[in-house]
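Visitor: Numbering (my numbering), first residue to last: 388 to 501.
Submitted below is the structure of interest, expressed as structure tokens.
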């Protein structure tokens with residue numbers, strides 16, 4: 388029984404590999420964000436999880452927009468060292484943030500990507 392597969396961990400690893408491929412192929416921040424948001428393979432996370440994450444950021448006094456910019460702009464190892472968070476999980480949560488922003492405030496989304 389020591390060889391039980393942790394399916395959630397396996398899915399998270401596959402998602403992170405997919406995200407890395409996008410980041411390697413995209414040439415600009417705009418392209419990276421559009422690929423993450425428009426791709427049907429990476430779905431918007433549960434909004435309750437997103438709201439809980441925002442509450443955690445507030446408790447830790449971390450500015451959400453800066454965190455979401457850093458997760459996209461910083462290399463994985465620098466992001467994880469700066470925030471002590473899993474890069475792949477925060478990328479998934481940033482997709483939720485960016486999808487909401489793009490849907491409700493297209494001009495704010497465009498400013499965010501600059």
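Where is the CB? At the ideal position from N, CA and C, for every residue including glycine.
Does the region 474–486 come close enough to the region 438–458 that 3 or more CB-CB pairs lie under 8 Å?
Guide: Result yes; three or more Cβ-Cβ pairs closer than 8 Å.
Visitor: Kindly indicate the opening and closing residues of the alpha helix (DSSP H) around residue 444.
Guide: One-based indexing of the chain shown puts residue 444 at position 57. It spans 434–446 - the alpha helix (DSSP H) in which residue 444 sits, taken as one unbroken run.
Visitor: Does DSSP classify residue 451 as helix, strand or coil?
Guide: By 1-based counting over the chain shown, the position of residue 451 is 64. Residue 451 falls in the helix class under three-state DSSP.
Visitor: Give the single residue among 479, 473, 446, 495 whose Cα lies nearest to the Cα of residue 337.
Guide: The structure shown does not extend to residue 337, since the chain spans only 388 to 501, so no value can be given for it.
Visitor: Any chance the region 467–479 sits against the region 400–407, with 3 or more Cβ pairs inside 8 Å?
Guide: Result yes; three or more Cβ-Cβ pairs closer than 8 Å.
Visitor: Measure the C-alpha to C-alpha separation of residue 497 and residue 396 and round it to an integer number of angstroms.
Guide: Start at 1 with the first residue of the chain shown, and residue 497 comes out as number 110. Start at 1 with the first residue of the chain shown, and residue 396 comes out as number 9. Distance between the alpha carbons of residue 497 and residue 396: 33 Å.
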